[in-house]
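To keep things clear, I will list the structure first and then write my remarks on it.
Numbering (the working numbering), first residue to last: 10 to 209.
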């Protein structure tokens, strides 16, 4: 009605709204007044397609006079989510698909997933240095986006086959060869589950 700009979550806007609420709230039948205001907002003074002609306050409404009642209340701006990117290496051998358990804290803490590396990393070199695996890679699969509350994660899945293995590496890293055709109760993230289903 007063055409107050700015999201209600902003302190100055909230303060102004409370001042108006205090001004208009009657001393008697307060509960009835509050219920009437809520009903008015839910059925008549709606954000989308407000029924201004049916509103008992339409002659007092500044937003109606300016022809922009749908602009109020001002929606809060959506925060910009940064985008992070990585490569998930889907290493396969006759034993299955290589998975490793993530650290207990952080993103997907404690879950099992594919080995990861930076987008610009040399995948065969990384697999050999980190896991002692000599692999041959194939063309990357289409990028997969997974959204968290505070950022987007762009995943580039890269299939790879084991050509040779250095001794003792699996024991050092606590890695497992997982068979997608025989899934177990192991904890997996949503993107890893999706990729494992495609690998079956």
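Idealized CB from N, CA, C, for every residue including glycine.
Bear in mind that the values here come from a model prediction, so they are computed numbers and not experimental data.
Unbroken beta strand (DSSP E) run spanning residue i, endpoints
{"i": "residue 94", "result": "92-102"}
{"i": "residue 155", "result": "153-156"}
{"i": "residue 167", "result": "161-174"}
{"i": "residue 190", "result": "No beta strand (DSSP E) holds residue 190; DSSP gives it neither H nor E."}
Terminal residues of the alpha helix (DSSP H) in which residue i lies
{"i": "residue 42", "result": "39-52"}
{"i": "residue 134", "result": "132-140"}
{"i": "residue 199", "result": "199-208"}
{"i": "residue 73", "result": "71-75"}
Nearest neighbour of residue i, chosen from the options [CA to CA]
{"i": "residue 58", "options": "124, 46, 77", "result": "77"}
{"i": "residue 83", "options": "105, 146, 15, 124", "result": "15"}
{"i": "residue 113", "options": "121, 107, 106", "result": "121"}
{"i": "residue 128", "options": "117, 145, 107, 98", "result": "98"}
{"i": "residue 45", "options": "65, 27, 61, 161", "result": "65"}
{"i": "residue 173", "options": "68, 102, 53", "result": "102"}
{"i": "residue 148", "options": "193, 54, 55, 169", "result": "169"}
{"i": "residue 90", "options": "54, 162, 175", "result": "162"}
Pair within 8 Å by beta-carbon distance, residue i and residue j
{"i": "residue 152", "j": "residue 165", "result": "yes"}
Simplified DSSP assignment, three categories, for residue i
{"i": "residue 31", "result": "helix"}
{"i": "residue 26", "result": "helix"}
Counted within 10 angstroms of its Cβ, other Cβ atoms place residue i as buried (16 or more) or exposed
{"i": "residue 72", "result": "buried"}
{"i": "residue 33", "result": "exposed"}
{"i": "residue 204", "result": "buried"}
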